[in-house]
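Asks:
Number of protein chains: 2
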Amino acid sequence: MSGKTSTDSVAESARLSAARDEFITQWGVMGSAWGINRTMAQIHALLLVTDRALSTDEIMDDLKISRGNANMNLRDLAGWGLIRSVIRKGERKEFFEAEKDVWKMFCTIVRERKRREIRPAINVLKDCVERTDDLTSADAVAFTKQTKALCEFMEMADGVLSKVVRSQESSIVPWALKFLK
Amino acid sequence: MSGKTSTDSVAESARLSAARDEFITQWGVMGSAWGINRTMAQIHALLLVTDRALSTDEIMDDLKISRGNANMNLRDLAGWGLIRSVIRKGERKEFFEAEKDVWKMFCTIVRERKRREIRPAINVLKDCVERTDDLTSADAVAFTKQTKALCEFMEMADGVLSKVVRSQESSIVPWALKFLK
DNA sequence: TCGTGTTTTCAGGAAATACTGAAAGCACAG
DNA sequence: CTGTGCTTTCAGTATTTCCTGAAAACACGA
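Just so you know, the sequences run in chain order A and B.
Plus 220 on top of the position in the first sequence (first one is 1) and you've got this note's numbering.
Plus 220 on top of the position in the second sequence (first one is 1) and you've got this note's numbering.
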C-alpha cells in the first residue's frame with residue numbers, strides 16, 4: 221500500500237476512535253444524570269456501537285477498568301435485559317453484545333424502570349393515602365389531597381407507558397403521535 | 221377538651237406525621253434513582269404536601285439539615301421552576317411554596333430535562349455522526365449507523381415531549397392516549 | 001481427580017458527591 | 001451610616017458510591 225493511503229487510513233481510524241470515545245464518554249455522563257452509574261452506561265455504549273460481541277477482557281482493556289468492575293456491570297446490564305451473552309462453540313470465554321434496535325432498547329428500559337421505580341412509588345403513595353384518608357385536620361386533608369393527586373398521575377403515567385411498551389414494534393405509537401399536534 | 225378527644229387527636233397527628241415522613245423519605249429515594257439529590261427531592265416533597273409557604277428555618281428544622289444545604293437546594297429547586305419564593309409584606313424572611321398542580325409539575329420537569337440533558341445529548345450524537353459519516357471501514361459504518369439511529373430516536377422523543385408539554389393544561393393528551401389501546 | 005481457563009465475590013481503598021457551619025455579603029429600617 | 005436580620009458562599013469534612021485486585025469458586029476436558 222502507498223504511503224498516502226496508509227496515512228489516510230491511520231487518520232481515518234483515529235477519527236473513528238475519537239468519535240467513539242466521545243460517544244462513550246457522553247453516554248456515561250448522560251447515564252449519571254439519569255441515575256445510572258457511569259461505567260455501566262459506558263459499557264453499554266461500547267457494546268452498542270460495536271458490531272460484534274466482546275469478551276470481558278476486551279471491555280476491560282478498552283475502558284481501562286478492572287475485572288471486578290466489568291463483571292459486575294455486565295451482569296447488571298444483562299439483568300436489565302440491555303445486553304446478552306454469547307457463547308461461541310469451542311471457546312470457554314463469554315462474549316457480550318447489546319440489543320441494537322433502538323425502539324426495543326427503549327421499551328426494555330421503560331419496562332424495567334416501571335417495575336423497579338414507578339410501581340414501588342405508587343405503592344408508597346397509596347399507602348400514604350390510606351393511612352390518612354380519614355383524618356380531618358386541615359393539614360391532613362391537604363396531605364391526602366396532594367398524595368392522591370400524585371398517585372393518580374403516576375398510575376396514569378404507568379398505564380400510558382404500559383401501552384406504549386406493549387405496542388412494541390407496531391406502528392401505533394408513531395401514528396398516535398400525529399394527534400399530539 | 222376531654223381526655224379521649226385529646227388522646228385521639230394526638231394519635232391522629234402522629235399518624236399524619238408518620239405518613240408525611242414516609243412520603244418525604246420515599247420521594248428522596250425515588251429522586252436518587254432518577255439522578256436528583258436526596259435532599260433536593262425531600263425539600264420538594266415537604267413543600268408539595270404543605271399547604272402554606274415555609275421559611276428556610278422551618279425546612280431546616282423539619283428535615284434536620286444545615287442552612288447552607290437548605291439554601292443551596294432551595295435555589296436549585298427554584299432554578300428548575302418547581303418552587304417559588306413568596307415575600308410576605310412586613311416580613312424580611314423569604315418563604316417557599318411548591319407548584320401543586322401535578323400536570324404543571326410534570327411539564328416543568330420534562331421541559332428542564334429536555335433542555336439540560338436531551339438536547340445536549342442530541343448534539344453530541346449529531347457531532348459523532350458528522351465526524352464519521354464519510355468513513356468506509358466496516359467498524360465506522362456500524363458506528364455511524366448506530367449513532368444515527370440513536371440520534372433520530374432522541375429527536376423523535378424530544379419532539380413528542382415538546383408536543384406533550386406544549387399542550388399544557390389542555391385535554392389533548394388524555395384524549396390522545398385513548399388511541400394507545 | 002487434577003489442571004487450566006474463566007467468572008464471581010468482596011474487603012479495603014479511591015473517588016465522587018453532598019453537607020456543615022461559620023464568615024462574609026446584602027438590604028433595609030431607623 | 002449603623003445595627004439587625006436574613007441570605008449566600010465555600011473550605012473543610014462526612015458520607016455515599018464506586019472500583020480494584022486478589023482469592024475463591026466454578027466448569028470442564030483430560
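All C-beta atoms in this analysis are idealised placements derived from N, C-alpha and C, irrespective of residue type, glycine included.
Bear in mind the structure is a predicted one, so any value in this text is a computation, not a measurement.
#1: What residues of chain B sit near Thr367 (chain A), judged by a beta carbon separation below 7 Å?
#2: Find the nearest neighbour of Ala265 (chain B) within the set B:Arg295, B:Asp321, B:Ala273 and B:Ile244, judged by alpha-carbon distance.
#3: Output needed for Leu370 (chain A): all residues of its chain with C-beta closer than 6 Å, excluding positions within five of it in sequence on either side, in chain order.
#4: Please decide whether Cys348 (chain B) counts as near chain A, where near means a Cβ-Cβ distance under 8 Å.
#5: Short check: CB of Cys327 (chain A) to CB of Ala239 (chain B), under 8 Å?
#6: Quick check on Ile256 (chain B): buried or exposed, where buried means 16 or more other Cβ atoms within 10 Å of its Cβ?
#7: May I ask you to list the residues that DSSP assigns as paired with Ser305 (chain B)?
#8: Should Ala261 (chain A) go down as buried or exposed, given a rule of 16 or more other Cβ atoms within 10 Å for buried?
#9: Is the beta carbon of Val306 (chain B) sitting closer than 8 Å to the one on Phe316 (chain B)?
#10: Give every residue of the same chain whose Cβ lies closer than 7 Å to the Cβ of Asp296 (chain A), excluding the five residues on either side of it in the sequence, and list them in chain order.
#11: Going by DSSP, what residue range makes up the alpha helix (DSSP H) through Glu278 (chain A)?
#12: State the Cα-Cα distance for the pair Asp353 (chain B) and Phe373 (chain B), rounded to the nearest angstrom.
#13: Establish whether the CB of Gly248 (chain B) and some CB of chain A are separated by less than 8 Å.
#14: Please return the same chain residues whose Cβ sits closer than 7 Å to the Cβ of Leu267 (chain B), not counting the five positions on each side in sequence.
Replies: Let me spell this out:
#1: To locate residue 367 (chain A), count along the first sequence from 1; it is residue 147. Those within 7 Å of Thr367 (chain A) in chain B are Phe243 and Val269.
#2: As a first step, residue 265 (chain B) is located in the second sequence; it is residue number 45 there, counting from the start. Measuring from the Cα of Ala265 (chain B), the nearest candidate turns out to be B:Ile244.
#3: On the first sequence, residue 370 (chain A) is found 150 positions in, with the first residue counted as 1. Only Leu345 meet the Cβ criterion.
#4: One-based indexing of the second sequence puts residue 348 (chain B) at position 128. Yes, Cys348 (chain B) lies at the interface with chain A (some Cβ there is under 8 Å from its Cβ).
#5: Counting from one through the first sequence, the residue named residue 327 (chain A) turns up at place 107. Counting from one through the second sequence, the residue named residue 239 (chain B) turns up at place 19. Their beta carbons are not under 8 Å apart, which means Cys327 (chain A) does not touch Ala239 (chain B) by this criterion.
#6: Locating residue 256 (chain B) in the second sequence gives position 36, counting from the first residue. Ile256 (chain B) is buried by the Cβ-count criterion.
#7: To locate residue 305 (chain B), count along the second sequence from 1; it is residue 85. DSSP output for Ser305 (chain B) lists B:Phe316 as bridge partner(s).
#8: Residue numbering aside, residue 261 (chain A) sits at position 41 when the first sequence is read from its first letter. Buried, because 16 or more other Cβ atoms sit within 10 Å of the Cβ of Ala261 (chain A).
#9: As a working note, residue 306 (chain B) is residue 86 in the second sequence. As a working note, residue 316 (chain B) is residue 96 in the second sequence. Less than 8 Å separates the beta-carbon of Val306 (chain B) from that of Phe316 (chain B).
#10: Looking up residue 296 (chain A) in the first sequence gives position 76. Result list for Asp296 (chain A): Met260, in chain order.
#11: In the first sequence, the residue the question calls residue 278 (chain A) occupies position 58. In the DSSP assignment, Glu278 (chain A) falls within the unbroken alpha helix (DSSP H) covering Thr276 to Leu283.
#12: The sequence position of residue 353 (chain B) within the second sequence is 133, counting from 1. The sequence position of residue 373 (chain B) within the second sequence is 153, counting from 1. Just so you know, the alpha carbons of Asp353 (chain B) and Phe373 (chain B) end up roughly 18 Å apart.
#13: For the purposes of this step, residue 248 (chain B) is taken as residue 28 along the second sequence, with counting starting at 1. Not an interface residue.
#14: Indexing the second sequence from 1 puts residue 267 (chain B) at position 47. So the list reads Leu274, Ile303, Phe316, Glu317 and Ala318, once near-sequence residues are dropped.
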